[in-house]
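There are 2 protein chains.
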Amino acid sequence: MNKDQLNGLLRPKSVAVVGASNTPGKIGYSVIANLLEGKYTGQIYPINPKDDVIQGLKAYPDVAAVPGPIDAAVITVPAKLVIEVAEECGKKGVKGLIVITSGFSEVGRKDLEEELVRTAAKYGTRVLGPNIVGSLSNTDHFNGSFAPGLPLPGKASLISQSGALLIALDAATYTRKVGFDKLISIGNMSDVDFADLIEWLDEDQDTYCISLYIEGLKDGRRFIETSRKARKPIIALKSGVSAHGAAAAASHTGSLAGATKVYGSAFKQAGVLQATDLNDLFNRTLVLSLQPPMEGDNLLVLTNGGGVGVLATDSAEKFGVPLKFAPAELQAEMKKHMPEFGSAKNPVDLTGMAGNDWYFESVRYALSDKWVDGLVVLYCETAITVPMDIAQSIKRAVDAADQKKKPITISFVGGERSDAATAWLVENGIPAYNAPDLAVGAMATLREFAKVHSNGAVAKFVSNEKARKASLEVIAKARADGRNSLTEIEAKQVFSAYGLPVTSTRLARSEEEAVRLANEVGYPVVMKIVSPEILHKSDAGGVKVNVKDDATVREAFATIMKNAKAYNASANIHGIAIQEMAPAGTEVILGSTTDPTFGPTVMFGLGGIFVEVLKDVTFRVTPVSDEQALEMLGEIRGAPILAGARGEAPRDRKALVKTIMSYSSMILDLEDEIAESDANPILVYEDGKGLKVVDARIILAKK
Amino acid sequence: MNKDQLNGLLRPKSVAVVGASNTPGKIGYSVIANLLEGKYTGQIYPINPKDDVIQGLKAYPDVAAVPGPIDAAVITVPAKLVIEVAEECGKKGVKGLIVITSGFSEVGRKDLEEELVRTAAKYGTRVLGPNIVGSLSNTDHFNGSFAPGLPLPGKASLISQSGALLIALDAATYTRKVGFDKLISIGNMSDVDFADLIEWLDEDQDTYCISLYIEGLKDGRRFIETSRKARKPIIALKSGVSAHGAAAAASHTGSLAGATKVYGSAFKQAGVLQATDLNDLFNRTLVLSLQPPMEGDNLLVLTNGGGVGVLATDSAEKFGVPLKFAPAELQAEMKKHMPEFGSAKNPVDLTGMAGNDWYFESVRYALSDKWVDGLVVLYCETAITVPMDIAQSIKRAVDAADQKKKPITISFVGGERSDAATAWLVENGIPAYNAPDLAVGAMATLREFAKVHSNGAVAKFVSNEKARKASLEVIAKARADGRNSLTEIEAKQVFSAYGLPVTSTRLARSEEEAVRLANEVGYPVVMKIVSPEILHKSDAGGVKVNVKDDATVREAFATIMKNAKAYNASANIHGIAIQEMAPAGTEVILGSTTDPTFGPTVMFGLGGIFVEVLKDVTFRVTPVSDEQALEMLGEIRGAPILAGARGEAPRDRKALVKTIMSYSSMILDLEDEIAESDANPILVYEDGKGLKVVDARIILAKK
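Next comes the structure, spelled out in structure tokens:
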């Protein structure tokens, strides 16, 4: 990461503004004005070749002329001058450039952008941008941007790929009462990218939650690795989910792998929570920045109204933290602070008679009770209570309980007085919302974070040298033939090299050879045409199953050959595959695609209608850990089939997990060679009895 | 409905407050105070036997003593006195009672509640409540409740089953800027229920959208009928979706029919939009009360920022109104008001340079363009524009376009200035939100309303006298045997009477009879044990399929009898069913359950894994129209199977629609007799070839 440079870039002790101006309306004017208005405590060096004084500050003709060291340079001069400025900054020893200037790759000038990065790299200077709003840090009173002001102070930090949105959200921090310490506009990501910033923010003592607005990642795999290692919660809003569309593709996997699904899987693997929209991003950032994770499933809801209690119960189920009955002891304690007609079950309904004391006592006890893993407190504005008093009682109870590891979220439903109480709670570190489902959703977010956080590390990957060598030989031969795909037999050789249990398949070039191989493989056998030009073997009449004896082999050999020639007279026919006939089992599919952002990506699903009609598949970016493989088995809708639905024995999920991991290793190890692949079908047998890959397909990467 | 009485109840010209008080803290005090504070223009008659003057108003000892007529009486006296008051009010000719008093069915005093309704009914008096907050109407300056004040004036009306929530939401109307004309607390619904109020509000000239908070309906079918007939949009938040749980049931249908699913289906049939949470209820109520329906699928999005534009595009897809490219002519026009690097496709990106004029021209043109069915305008706060000016430009454009039938929604993302602009737009009749997905979601709501609104009328139902008579005979026989279910043969007789195409099934009591019937039915046949005590026929070894000749019939007869006796020695065996063997087809299931709220309800799904593993089923409350039956076929996940997936011919959906309608008529016609039923499996053949009900089951209602 090179922390020192990033420290200089994001928390500079001195900053040069190249293009600083006395003319309002110019960006170089705004940046100086913003630094002054934000009360930046470091040194400000306006750089302007014409003026000696900029907005009351001594200006310098160029960075070289600046007397002291410069940590960061905010660059606002036209694009054509930026390279030269970068060169000067490099010579001066500037640690990082905040390149606000646009006119680079976003308008087709990728060349200029690359030159900028090359120039900076010569001196070890890091580049944020170009084409950004700038960078802001409340802790440092640093508004190195043309965004009107520093955000509402708080404990989260935001990285935004949209500058316009960053400006709007900056203002919105005040109205939505969600505070941020740093706002970083990331723009074209020519050098500093999401991964760099996540790594740096994870060590930043003023950041407790990392929030992202992502339009598209550049290096998806590095994003996953870095995020997975982070100890702080990360939440991302990914836009553009509908624009991408699935690329036209030759394989099942390619057609099923839209960007949305792969991003979703990647976020899971990265341990990054995914926001559904802007309000969701704000609401969940708030709770993640203020409260500890929820380390168990026992959610207790306290309420003064049945209506909001029922809505909270619904939400808890919807968000995956369904309410359980509170244990007897806890109920007995709760009963002490409610009228006879209250309920201590869960939600604990203190009734509309609940005042400050009942709220205080119940909250304090609930936070101290060992059964409770997380507490949601609801208040529905009544005529006989004062919302601010209730809020203060809750805060006092939180202080009295002094439980640093037990999260609490609040909902006040009501008018102005409730909103004021909500804002007060937030200012005092307690996330509070205007609807019960938001408070429950916030708590569910803390539960989700606890779970992803405890999930294992990044999957390890080691190249399998021997398998790789064998595979490359098979692939080289196919390429030498001018082919862009492997035959089934070749693909199975590759699969087999990586330990995938394929059905034994041998190539017969003549009827005699077919009979001999059939006897070696053992009856019954399956016979299939082998020709690079015939991909849809069944359609060509090129498949015979359950061939039971020598005579039928001969007959089938002749028929398949005849059919194949009739189907495609110019097809280059390698021969006929004689294949072990696997016993019936549950059909599953593995496949792979090369995602433009994340690289080799594995798909898993059940076969037949599950994949063809229901598109019931799931993805993981490689490498895939055993834990992730197991998650894949569980998250398809057809999961009960593998667990043994309809009175059948459970399928061999261990073997399937192992196979997914081997498959993942294979496509990653051969990522330069394999564009797409399918193992379809794989027949999975009952627990302990393994599985067989019946058909195999590999489409080569274009070279 | 009896409109005159409800007019008196909900828009009274004179109101008596029984239990009016001078003691602050008492509900009888609050109601008088609220009427005064709300500046109620009608006559107020405080009723109090002790005081002559209540809060400055002349008081009367009882309603009889009041000189003029009384439209409504707000009752706040203790429960034990309410009957007597109702009697007096009846005699006085009061049109409606607003019974705030609690202590009725909600605490087990159903008797008292029934007496109240009986008493009022003698005089034609309608009863709202008991156990309510009261009723409020801005138009009439009428706050006949103990809720602190009238809501923010607006064009929606809310009926709430939770009083506490009504009070909180009343206050929230001001902070959320969603205005209401009437707030009605419905409480125990002893007399006036949702259907009454929907019918009345649909004719109320000050209500443009009817919003509901529902905990549980009493008469579900009447709710559906009334809502279906309403011309105004209705939106409901239904709570308690998780609490209900599926009742233990003997049939597939019963176990799959949770309250959530049935309520969801009922809302669809009723044309009622369903809110997901409180904020969603507010957000969508706002748009439904201010804008016309969106009568086509062409949504145009205007924006000044790419980021919010992409988020809107994502939302449009998510909410089912995906963006299409704008036609060339429209694009050309849009291009006139943006810089070179803007985009006129859709979203139309005016870029961050967009000021008042561009917004004005683009909005005005878009609203006038015939391609555009709905317009969403986005604004992302920038440093160079003033949010309020943009808002006013949009309003001017809306006025200039003067298109009453074309809906518009707005999103401003930003800080205080944007929020103020948003509030101003709402005050001026244009729904505006703080995030792009909310503006798009609002527009999608208008699209949804247009669709449900154009959906056909309530399904018609006519009893089938002949079928009913035949069925009742079969059922009477079973009941006479002391049975609570029909045998397959009996159930098929009932199905058949209602025109369902069942496989021909005859009962053989001896081997000889079996052979004779098999020849009559035609080989091959299926043979099944018939015994009320053996429900799981296969488990008992009681089924043989594909029986092809006389000899096998004899053999099978003996074996099945032997197996059945071994399985259950005390079973009463009617004989063996000889059944036509239907050709293979696509398996579907129909079933029915008697929902506690909605009565006879039909379930439809595909058979096999679809129902057993995926629970892929859908429901409709009877009667079911052809349109609704067709919707059912389309809304299951396995729908592509019926349309002809995997290269197969489409299934006979016409036959299926007809069968669903017959099934629906059957269970409604026999609702007093049938508790649950299944037609499982039904084999559906390709288009034009019909279907066959292979197995049938009817469980009788307890008598």
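So the protein sequences, as listed, match chains U and Y. 67 is the number of the first residue of the first sequence in this note's numbering; add one for each residue after it. 67 is the number of the first residue of the second sequence in this note's numbering; add one for each residue after it. We put the CB at the ideal spot given by N, CA and C, even for glycine.
Excluding residues up to 5 positions away in sequence, Gly418 lie with their Cβ nearer than 6 Å to the Cβ of Thr448(U) in the same chain. Under the Cβ distance rule, Val443(Y) does not count among the residues neighbouring chain U, no pair being separated by less than 8 Å. In the displayed model, Pro453(Y) falls within a helix according to three-state DSSP.
Per DSSP, reduced to three states, the secondary structure at Ile290(U) is helical. For Gly210(U), the enclosing beta strand (DSSP E) has its first and last residue at Phe208 to Ser211. Rounded to the nearest whole angstrom, the CA to CA distance from Lys610(Y) to Val690(Y) is 36 Å. Ser730(Y) sits in a helix when the DSSP states are folded into three classes. Taking 8 Å as the cut-off, the beta carbon of Lys158(Y) is found closer than this to the beta carbon of Val129(Y).
By a beta-carbon distance limit of 8 Å, Leu552(U) does not contact Val568(U). Their separation comes to about 13 Å. Taking the CA atoms as reference points, Pro359(Y) sits about 29 Å from Ala234(Y). For Ala762(U), the closest alpha carbon among the candidates Ile655(U), Ser171(U), Glu291(U) and Val683(U) is that of Ile655(U). At a cut-off of 8 Å between beta carbons, Asn746(U) makes no contact with chain Y. Taking Val376(Y) as the centre and dropping the five residues before and after it, the same chain places no C-beta closer than 7 Å to its C-beta. Interface criterion met: the Cβ of Pro214(Y) is under 8 Å from a Cβ in chain U. Counted as a single uninterrupted DSSP element, the beta strand (DSSP E) harbouring Ser201(U) occupies residues Gly200 to Ser203. By the C-beta criterion, the region 281-295 of chain Y is judged not to be in contact with the region 625-632 of chain Y, since fewer than 3 inter-stretch pairs fall below 8 Å. Secondary structure at Thr660(Y): strand, using DSSP grouped into helix, strand and coil. For Asp744(Y), DSSP records a beta bridge to Gly657(Y) and Arg763(Y). Those residues of the region 363-382 of chain Y placed with their C-beta closer than 8 Å to a C-beta in chain U are Asn370, Gly371, Gly372, Gly373, Val374, Val376, Leu377, Thr379, Asp380, Ser381 and Ala382, ordered along the chain. In chain order, Asp380 and Glu383 make up the part of chain U whose C-beta sits under 8 Å from the C-beta of Val307(Y). Using a CB distance cut-off of 8 Å, Pro413(Y) does not count as an interface residue toward chain U. Sequence-distant partners of Ser731(U) (beyond 5 residues in either direction) whose C-beta falls short of 7 Å from its own C-beta, in its chain, are Phe527, Asn530, Tyr564 and Pro689. The Cβ neighbour count for Arg717(Y), taken over all protein chains shown within 10 Å, is at least 16; the residue is labelled buried. In its chain, beyond the 5 residues on either side, Val199, Ala213, Ser226, Leu249 and Ser251 have a beta carbon closer than 7 Å to the beta carbon of Leu232(U). One thing to note: Leu366(U) has its Cβ no nearer than 8 Å to the Cβ of Phe515(U). With its beta carbon less than 8 Å from one in chain U, Gly704(Y) belongs to the interface. Within the model, the alpha-carbon separation for Ile166(Y) versus Val143(Y) is close to 8 Å. Under the 8 Å criterion on CB atoms, Ser459(Y) is classed as non-interfacial with respect to chain U. The CB of Glu482(U) comes closer than 9 Å to the CB of Ala237, Tyr240 and Thr241 in chain Y, given here in chain order. When 7 Å is used as the limit between beta carbons, Ala420(U) is near no residue of chain Y, the shortest such separation being about 11 Å. Under the Cβ criterion (8 Å, minimum of three pairs), the region 163-182 of chain U counts as touching the region 190-197 of chain U. Judged by pairs of C-beta atoms under 8 Å, the region 481-489 of chain Y does not touch the region 503-512 of chain Y, as fewer than three such pairs exist. For Asp247(U), there is no enclosing alpha helix (DSSP H); the enclosing beta strand (DSSP E) has its first and last residue at Phe246 to Ser251.
Asn612(U) sits in a strand when the DSSP states are folded into three classes. The beta carbon of Asn634(U) does not come within 8 Å of any beta carbon belonging to chain Y, so the residue lies off that interface. Secondary structure at Glu752(U): strand, using DSSP grouped into helix, strand and coil.
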